[in-house]
Amino acid sequence: MSDGGDSEPGSGPIRLPRCPICRKSTIEAYRPFCSKRCADIDLARWLGGSYAIPGAGTDVDEDGEAPPEQNKESPRADD
Ligand SMILES: [Zn+2]
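Here's what the structure looks like:
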């Protein structure tokens, strides 16, 4: 029996995790993101979702119909 050895034949390239936001190479300081910016974006997604959209004002339709005035039946005052 010829022992080939346990050494793996040529270890492949190290797979560096990529930023899930912009898919750039990540930095240890901001793993798993590439920068604080992407980290903030991801955090914002977790918090509110659309919160990460800058400049997007909340469009509130002021089309609410005013509640109809209830006609209070005044009691007949017998004269
Ligand atoms: Zn990134």
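Each residue of the sequence shown is one higher than the one before, counting from -19 in the numbering used here. Beta carbons are placed, not taken as given, at the ideal position from N, Cα and C, and that holds for glycine. Treat the numbers as computed from the prediction; the structure is a model and nothing was measured.
Endpoints, the alpha helix (DSSP H) within which residue i is located
i, result
"Arg25", "16 to 27"
Strand pairing of residue i, partner residues [DSSP]
i, result
"Arg(-2)", "Ser5"
Buried or exposed (CB count within 10 angstroms, at least 16 for buried), residue i
i, result
"Cys14", "buried"
"Tyr31", "Only weak support exists for where Tyr31 lies, its pLDDT of 48 falling under 50; the value from the coordinates is given anyway. Exposed, by the Cβ-count rule."
CB-CB length for residue i against residue j, believed under 8 Å
i, j, result
"Asp22", "Ile7", "With 8 Å as the limit, Asp22 and Ile7 do not qualify as a contact, their Cβ atoms being about 14 Å apart."
"Pro(-3)", "Arg11", "7 Å"
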